[in-house]
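Asker: These protein sequence lines map, in sequence, to chains A and B. When we follow the numbering used here, the leftmost residue of the first sequence carries the number -3, and every step to the right adds one. When we follow the numbering used here, the leftmost residue of the second sequence carries the number -3, and every step to the right adds one. Ideal placement from N, C-alpha and C gives every residue a C-beta, glycine not left out.
There are 2 protein chains.
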Amino acid sequence: MHPKQTLSVDAMGGDDAPGIVIDGVAEFLSARPDLSVLLHGDEALLAPLVAAKPAMAGRVTVLHAAEKITSDMKPSQALRRGKGTSMWNAVEAVKDGRAGASVSAGNTGALMAISMLALRKMEGVHRPAMTAVWPTLRGRTIILDVGANVEADAQQLVTFAIMGEAFARATLGIARPTVGLLNIGSEEMKGHEEVREAHEWLRAAGLNIDYRGFIEGDDISAGEVDVVVTDGFTGNVALKTGEGVARMLASRMRDAFTENLVSKAGAALAMGGLKKLRSLMDPSNVNGGVLLGLGGISVKSHGGADARGFARACEMAADLAGSDFQTEIAANLARIGTGGVAAE
Amino acid sequence: MHPKQTLSVDAMGGDDAPGIVIDGVAEFLSARPDLSVLLHGDEALLAPLVAAKPAMAGRVTVLHAAEKITSDMKPSQALRRGKGTSMWNAVEAVKDGRAGASVSAGNTGALMAISMLALRKMEGVHRPAMTAVWPTLRGRTIILDVGANVEADAQQLVTFAIMGEAFARATLGIARPTVGLLNIGSEEMKGHEEVREAHEWLRAAGLNIDYRGFIEGDDISAGEVDVVVTDGFTGNVALKTGEGVARMLASRMRDAFTENLVSKAGAALAMGGLKKLRSLMDPSNVNGGVLLGLGGISVKSHGGADARGFARACEMAADLAGSDFQTEIAANLARIGTGGVAAE
């Protein structure tokens, strides 16, 4: 099978591995009959699990890895001792061209370090950026960087915009995604110097991007733009703050509906609409982060995601592997020229 | 009446001034029979409105101001042309010792500029910080800075912690508020250098503060600490992002409940619990921001707040005016010593 149609999966990463991973891959393969999977991990453990899944028959190859990356391992340890682990082998299959993308629910820092080492940075990218998918009033929005870097200068923000735009086209299926720069005021005088400089750059650089200017925090959930660009510190705080608010309100909503018998009856009647709301608030529907700016695709699934969440991360990996997003990024980086964003 | 028991109110600021302001002040005075109000604005407009409110009889003094600060005025314009406006006069009454605190729902930037000019910075405070109140799973949390400054170095973050802690005691009624520093990871190696430095400082400085270390974005809504300390860029993004998520979920919840007749009936039955949820999500319950670090108290009400929201901002101003929070801040700043946070 063509490598673009093959995913490389770390079966041993995540809170409930390998069970959740196997279930997720099976769900993914049922929906995508054109694809196959390389499954890295403890063969003795995995073989019977795979054999029990009819959807996997003839489409999953188990590749033995005796060791795994643990959740408490530091990135530096993962680089020193990680060779031969299921995570390492999953990423290496992408590097070697045996798969179009890898998926792991394991240790984020370790996955970023191993992916950077194995897949290397794209030419013209100084710092890769981590993406997240954000449910909005209008659909879904991509936000980056959500924590790969602590700071970002103007040219890194411009690079993030280029990468995020191509990523949104590949994964959200939007032909021409809109891009906004996160700031604290819509007037041009506000905000960090880096943000204002990136703003001028994005307006003037002649990139093939639909750049819409500054947005503020509340515009993210409103779905004002398809791609929100920010530095890794701000993006990580925004993402986790948003998750926290959603979790608090979900908890309060449960309280409201279980307060007494009458409210319980009401909740039962309103169930149809509430199911949609729950589905919107369900993190497994938007699972999957990608470290953009590397020479290959490495998708991070949330460590606590369920089988459906893991299947979503696999879908994202497959969408990216089957798209032209890497060449689109390269084309826009070239538009800036080697004297611009590409060089530092 | 003692100035501490007198509030100075800008009657002309905010989207629906002066009507909302009059209603809010009346609601506030009904709940606080020990207090009185100086009301600044167009006397011809205000006098009949005040006369129509029995709660205001003998407790509200209308002070004529012919001009007002408009919402599109820049801070620099407000400083040049603002003298004699209702906002200016409201703040000046605090400076002159005629009132214990001022409240305005007008132009934020103008109010900050006028307040800084009139009330000046406290000794030892290099940059004032804007507060916001955040509803959490456990109650309410104070977050600062939410936008008075774009950046903050380590010693400014320490000053914010000192000011926020005293502010939380005065307004939340918590004897010993807990304080956390917003960061992107709980390991000590993560985050900006400024944040890590402030962390060491807060642990080592011998301040009379219950400092709990780093927190992450999702800890805010969980109510992990009573005071969240961060720079103005990050704080503003976090606040607006949280508001955006709450607004999106409220909108989706309305959709869920009005989808069909059955869900409408369910919503009607569950109404008791839902009312509590609505009240939690109602911004007027947590209205009122204060620019901390000045020589007097100037409270900003949200420009779109309703009468109850404005009344809440007045309550906050009265709580602060009646507390020792300014002297508590001065005491903790002195603990650092003039060679530490106080000097720059």
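According to DSSP, is D320/A helix, strand or coil?
Answerer: Correct three-state label for D320/A: coil.
Asker: In terms of alpha-carbon separation, which member of D30/A, L25/A and D12/A lies closest to T66/A?
Answerer: Nearest C-alpha to T66/A: D12/A.
Asker: Using 7 Å as the threshold, is the C-beta distance between A150/B and A200/B below it?
Answerer: It is not a contact, given that the beta carbons lie outside the stated cut-off.
Asker: What does DSSP give as the partner residues of T167/A in its beta bridges?
Answerer: DSSP, once it has assigned bridges, lists no residue as partnering T167/A.
Asker: Mind checking which residues open and close the beta strand (DSSP E) that includes D38/B?
Answerer: Premise fails: D38/B is in no beta strand (DSSP E) and is neither H nor E.
Asker: When you compare each of D315/B, C310/B, S319/B and T323/B to L25/B by their alpha carbons, which one comes out closest?
Answerer: It is C310/B whose Cα lies nearest to the Cα of L25/B.
Asker: Which of helix, strand or coil does DSSP assign to S345/B?
Answerer: Only positions -3 to 340 of chain B appear in the structure, and residue 345/B is not among them; the question remains open.
Asker: Suppose you measure from the CA of R172/B to the CA of W130/B; what does that come to, to the nearest Å?
Answerer: Straight-line Cα distance between these residues: approximately 18 Å.
Asker: Would you check if the distance between the CB atom of L178/B and the CB atom of V224/B is smaller than 7 Å?
Answerer: Going by C-beta atoms, L178/B is nearer than 7 Å to V224/B.
Asker: Measure from the C-beta of E190/B to each C-beta in chain A and report whether the shortest distance is under 7 Å.
Answerer: No, because no Cβ of chain A sits closer than 7 Å to the Cβ of E190/B.
Asker: Closest Cβ-Cβ distance between A261/B and chain A: below 7 Å?
Answerer: Yes, contact with chain A.
Asker: When you compare the CB of N103/B with every CB in chain A, is at least one pair closer than 7 Å?
Answerer: No, its Cβ sits nowhere closer than 7 Å to a Cβ of chain A.
Asker: Determine, using beta carbons only, whether S100/A and S4/A come nearer to each other than 7 Å.
Answerer: No, these two residues do not count as a Cβ contact at 7 Å.
Asker: Taking the beta strand (DSSP E) that A97/A falls in, what are its first and last residues?
Answerer: Taken as a continuous stretch (DSSP letters only), the beta strand (DSSP E) holding A97/A covers A97 to S100.
Asker: Could you tell me which of R76/A, A106/A and G96/A sits nearest to G299/A, measuring between CA atoms?
Answerer: The shortest Cα separation from G299/A among R76/A, A106/A and G96/A belongs to A106/A.
Asker: Please confirm if E239/A has its CB atom under 7 Å from at least one CB of chain B.
Answerer: Yes, because at least one Cβ of chain B sits closer than 7 Å to the Cβ of E239/A.
Asker: Kindly indicate the opening and closing residues of the beta strand (DSSP E) around G202/A.
Answerer: G202/A -> no beta strand (DSSP E), and no H or E assigned at all.
Asker: With three or more C-beta pairs closer than 8 Å as the rule, is the stretch 246 to 264 of chain B touching the stretch 55 to 65 of chain B?
Answerer: Verdict: no, contact absent.
Asker: Give the residues from the stretch 292 to 307 of chain B that approach chain A closer than 7 Å (Cβ to any Cβ), ordered along the chain.
Answerer: Listed by position along the chain: nothing, the set is empty.
Asker: Once DSSP output is grouped into helix, strand and coil, what is the label at S111/B?
Answerer: In this structure, S111/B counts as helix in the three-state DSSP scheme.
Asker: Would you mind sorting S82/B into buried or exposed? The rule is 16 or more other CB atoms within 10 Å of its CB.
Answerer: Buried, since its Cβ has 16 or more Cβ neighbours within 10 Å.
Asker: DSSP has I293/B in a bridge; who is on the other side?
Answerer: DSSP output for I293/B lists no bridge partner at all.
Asker: Taking C-beta to C-beta, are L75/A and A53/A nearer than 7 Å?
Answerer: For L75/A and A53/A, no; Cβs fall outside 7 Å.
Asker: On the DSSP bridge assignment, give the partners of D6/A in chain order.
Answerer: Answer by DSSP bridge pairing, in chain order: H36/A.
Asker: Who are P131/A's beta bridge partners in DSSP?
Answerer: BP columns for P131/A point to R136/A.
Asker: Assign G176/B to one of three DSSP states: helix, strand, or coil.
Answerer: Note: G176/B maps to strand in three-state DSSP.
Asker: Using a Cβ-Cβ cut-off of less than 7 Å, list which residues of the stretch 69 to 88 of chain B approach chain D; keep chain order.
Answerer: The chain labelled as chain D is not found among the protein chains of the depicted structure, namely A and B.
Asker: How is M118/B classed by DSSP in three states: helix, strand or coil?
Answerer: M118/B falls in the coil class under three-state DSSP.
Asker: Of the residues L42/B, G9/B, A86/B and L245/B, which one's Cα is nearest the Cα of N103/B?
Answerer: Checking every option, the nearest Cα to that of N103/B belongs to G9/B.
Asker: Cα separation between D38/B and T237/A?
Answerer: Roughly 42 Å separates the two Cα atoms.
Asker: Compute the Euclidean distance between the alpha carbons of A114/A and A95/A, then round it to the nearest angstrom.
Answerer: Their Cα atoms are separated by approximately 14 Å.
Asker: Out of G285/A, A246/A, A326/A and L290/A, state which residue places its alpha-carbon closest to the alpha-carbon of T137/A.
Answerer: Ranking G285/A, A246/A, A326/A and L290/A by Cα distance to T137/A puts G285/A first.
Asker: Are there 16 or more other CB atoms within 10 angstroms of the CB of T2/A, so buried, or fewer, so exposed?
Answerer: By the neighbour-count rule (16 or more Cβ atoms within 10 Å), T2/A is buried.
Asker: Assuming V154/B contacts W197/B under a Cβ cut-off of 8 Å, what Cβ separation, rounded to an integer in Å, is found between them?
Answerer: Between W197/B and V154/B the Cβ distance is about 5 Å, and since that is below 8 Å, they are a contact.
Asker: I want to know whether the stretch 43 to 52 of chain B touches the stretch 14 to 23 of chain B - three or more CB-CB distances under 8 Å.
Answerer: They touch, by the three-pair rule.
Asker: Indicate whether A43/A and V58/A have their beta-carbon atoms separated by less than 7 Å.
Answerer: Cβ distance < 7 Å, so A43/A and V58/A count as in contact.
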